[in-house]
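So the sequence shown is residues 21 to 257, counted in the numbering used here. Note that beta-carbon positions come from the ideal geometry of N, C-alpha and C, so glycine has one too. Contents: one structure, followed by commentary.
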Amino acid sequence: NAMMRPSVDAGLGTSTILTIPDGLSSMTASGVVADGAVTYASTGGLYLATAQWRANAAPAPSGPADESITSKPVVGSSHTQIHRFDISARDTSTYQGSGDVPGTLIGQYAMSEWEDHLRVASTIAGGADDNGSDQPQRSMVTVLGVVGDRLAPTGSVDGLGPTEQIQGVRFDGATAYVVTFRQTDPLYVLDLSDPTAPRVLGELKVPGFSSYLHPIGDHLVIGVGSDADLGGRVKGA
């Protein structure tokens, strides 16, 4: 029915959502000019997420190449674009808007919709900031809300797992569990009940890491993953 182009640059790929309420003759379609590398759906919304690299590094100097100059990755050069479709109607889907978050996602468990907000867990690559200072790899959780045709951030928690990357994440209502890993496993517990002021409730460091988290009741979660020694070498399940 409609192919939308988001206001942000989303590449040349296209993604189409087909709705088939009663046989192929009833099929409707809507789409967006963007790739859909990761897909997540709630009861009312379908989200497409694609990691992209911004060309925001400084241009190379003109003249003969100087092999003593080494380039450094720019902090925030990777980001993930997210596009939302309203799928609350039985017989059609409607493109609503787009936005982005810093860093990259590990998969669909890194996104969760709760009370009209999308929560996204991402890892930001380390590198040089705008002042040339080296910044470590880190992770964050961003909360997004629909504002017109945009997914706009309402709040975030940054600085999770400095020098580490997300290995597992699970959202359970107003609570988020995030596991980062390089040598030991910090399990972060986040309170997301206020979309404008998410916060870390606490953390627990244990050897290894959990790549799958499964809530089993109030304040209880099972983590399944791999053991590791103090040097970060994986030893097995």
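Contact check, residue i vs residue j under 8 Å by CB: the rounded distance?
i    : j    : result
G117 : L171 : 6 Å
T195 : L212 : 7 Å
G165 : D136 : 7 Å
G198 : L210 : Looking at the sequence provided, one finds Val at residue 198 rather than Gly. So it is a contact: roughly 7 Å between Cβ atoms.
A22  : Y115 : 7 Å
T200 : P156 : That pair is no contact at about 12 Å.
V53  : T34  : 6 Å
Considering only the alpha carbon of each residue, which of the options lies closest to residue i?
i    : options                : result
S50  : T70, M24, D211         : M24
Y60  : A217, T48, I126        : I126
S309 : V167, G147, A145, V140 : Residue 309 falls outside the range modelled here, since the chain spans only 21 to 257, and no answer is possible.
D120 : G147, Q72, W134, A145  : Q72
S98  : M47, S142, L138        : S142
V254 : P235, V241, H234, G228 : G228
L138 : L180, G179, P218, G181 : P218
L66  : R104, T100, T48, S46   : R104
Look up residue i in the DSSP assignment and give the residues it is bridged to.
i    : result
T200 : I186
M24  : V52
R104 : Y67, G117
T143 : T124, S159
T59  : L68
R253 : In the DSSP output, where bridge partners are listed per residue, R253 has none listed.
A172 : G165
P218 : According to DSSP, which records beta bridges pairwise, P218 is partnered with nothing at all.
Using only the alpha-carbon positions, how far apart do residue i and residue j sit?
i    : j    : result
I102 : L68  : 6 Å
I37  : D106 : 11 Å
G245 : D214 : 30 Å
P26  : G256 : 44 Å
D169 : T70  : 18 Å
T216 : P173 : 9 Å
I40  : E223 : 45 Å
D55  : V220 : 32 Å
G251 : G31  : 40 Å
D238 : R202 : 29 Å
W134 : L44  : 32 Å
S91  : G146 : With a pLDDT of only 36 at S91, under the threshold of 50, the placement of this residue in the model should not be trusted; the figure read from the coordinates follows. Rounded to whole angstroms, S91 to G146 spans 13 Å at the Cα level.
S62  : D42  : 21 Å
Q185 : H234 : 19 Å
I144 : L240 : 28 Å
S230 : D178 : 20 Å
M47  : G243 : 41 Å
G83  : L180 : Model confidence at G83 stands at a pLDDT of 35, short of 50, so the residue's coordinates are unreliable and nothing is read from them.
T16  : I236 : Given a span of 21 to 257 for the chain in the structure shown, any question on residue 16 remains unanswerable.
G193 : G64  : 16 Å
D154 : Y232 : 31 Å
At a threshold of 7 Å, does residue i count as lining the ligand MG (C-beta to nearest heavy atom)?
i    : result
A257 : Absence of the ligand MG is noted for the structure shown, with no ligands found whatsoever.
Does residue i have its Cβ less than 8 Å from a Cβ in chain C?
i    : result
R104 : Given the protein chain composition of this structure (a single chain), no chain C is represented.
Check whether the region 105-114 and the region 126-133 touch, using three or more Cβ-Cβ pairs below 8 Å as the test. The region 105-114 vs the region 126-133: no contact.
The region 155-167 in contact with the region 179-196 per 3-pair CB rule at 8 Å: Judged by Cβ distances under 8 Å, the region 155-167 makes contact with the region 179-196, as three or more pairs qualify.
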